[in-house]
Amino acid sequence: MSKEGEFVFFEKIQEKLSSLVKIDEFELKEGMLICGLDAAYKNNEGVAAAVIMRLGEKSPISEIIFQGRALYEYVPGLLYVREAPLLLGALSKLSVKPDLLLVDGHGLAHPRRGGLASIIGVLTDTPSIGIAKRLLIGEVKWENPMIGRLEIAGDYVGIAYKNKKGKIFYASIG
Numbered sequence: 009m010s011k012e013g014e015f016v017f018f019e020k021i022q023e024k025l026s027s028l029v030k031i032d033e034f035e036l037k038e039g040m041l042i043c044g045l046d047a048a049y050k051n052n053e054g055v056a057a058a059v060i061m062r063l064g065e066k067s068p069i070s071e072i073i074f075q076g077r078a079l080y081e082y083v084p085g086l087l088y089v090r091e092a093p094l095l096l097g098a099l100s101k102l103s104v105k106p107d108l109l110l111v112d113g114h115g116l117a118h119p120r121r122g123g124l125a126s127i128i129g130v131l132t133d134t135p136s137i138g139i140a141k142r143l144l145i146g147e148v149k150w151e152n153p154m155i156g157r158l159e160i161a162g163d164y165v166g167i168a169y170k171n172k173k174g175k176i177f178y179a180s181i182g
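This is how it looks when you write it as structure tokens:
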């Protein structure tokens with residue numbers, strides 16, 4: 009299969025998995041286990057980190073590092089192909105199952121309405137939120153200087169948050 013054919017295949021998988029994202033009411037409660045997930049690379053060698061904290065406490069209760077080789081280069085819109093195997097590897101090593109995942113990548117704020125956070129959330133059957141540093145699609149309607157409503161074609165898919173240094177982060181349900 010050609011690279012283009014592989015990417016079309018990965019897009020189809022992404023569209024199918026994004027249709028399985030659960031958009032349910034979710035209430036944060038004291039004591040819940042929140043897991044942050046991120047990956048970094050040097051050439052094709054990757055390292056994924058999973059850090060779990062209990063809501064209301066200040067110290068991590070679990071920290072996992074998982075190393076592996078990236079099978080693909082980064083392709084815009086298909087971050088999951090590169091990072092999901094590493095992040096899932098890190099999650100598999102945790103001794104407890106988190107109640108919520110915070111993933112460095114998009115959730116519904118994605119051209120196919122299913123970014124990395126969506127894929128990880130669906131595959132692990134865990135509520136997830138994608139937190140990204142760059143907007144792929146949509147527009148922000150600023151409600152105040154720090155918080156904006158993130159919309160795609162008029163649909164409310166997440167929020168934009170501008171920190172005190174002016175850096176914007178985009179959060180959407182996974």
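Residue numbering for the sequence shown is 9 to 182, as defined by my numbering. The C-beta atom is built at its ideal place from N, Cα and C for all residues, glycine as well. Bear in mind the structure is a predicted one, so any value in this text is a computation, not a measurement.
Shortest Cα-Cα distance from residue 172 to any of 154, 166, 161 involves 154.
In the DSSP assignment, residue 127 falls within the unbroken alpha helix (DSSP H) covering 124–132. In this structure, the alpha-carbon of residue 67 lies about 47 Å from that of residue 9. Excluding the 5 residues flanking it on each side, residue 61 has same chain C-beta neighbours closer than 7 Å at 42, 68, 69, in chain order.
The straight-line gap separating the alpha-carbon atoms of residue 75 and residue 147 is approximately 36 Å.
Sequence-distant partners of residue 127 (beyond 5 residues in either direction) whose C-beta falls short of 6 Å from its own C-beta, in its chain, are 25, 88, 92.
Between residue 56 and residue 101, the alpha-carbon positions lie close to 11 Å from each other.
Sixteen is the threshold: since fewer than 16 other Cβ atoms of the shown chains lie within 10 Å of the Cβ of residue 77, the residue is exposed. Residue environment: residue 36 is assigned as exposed (fewer than 16 neighbouring CB atoms within 10 Å of its CB, all protein chains considered). Per DSSP, residue 41 lies in no alpha helix (DSSP H); the unbroken beta strand (DSSP E) holding it starts and ends at 41–50. Shortest Cα-Cα distance from residue 123 to any of 52, 142, 106, 107 involves 142. Rounded to the nearest angstrom, the gap between the Cα atoms of residue 118 and residue 103 is 31 Å.
In its chain, beyond the 5 residues on either side, 115, 116, 121, 122, 126, 129, 130, 181, 182 have a beta carbon closer than 8 Å to the beta carbon of residue 29. Within the stretch 14–86, the runs of beta strand (DSSP E) at least 3 residues long that lie entirely inside it are, in chain order, 41–50, 53–62, 68–77. Taking residue 18 as the centre and dropping the five residues before and after it, the same chain places the C-beta of 86, 89 closer than 6 Å to its C-beta, in chain order.
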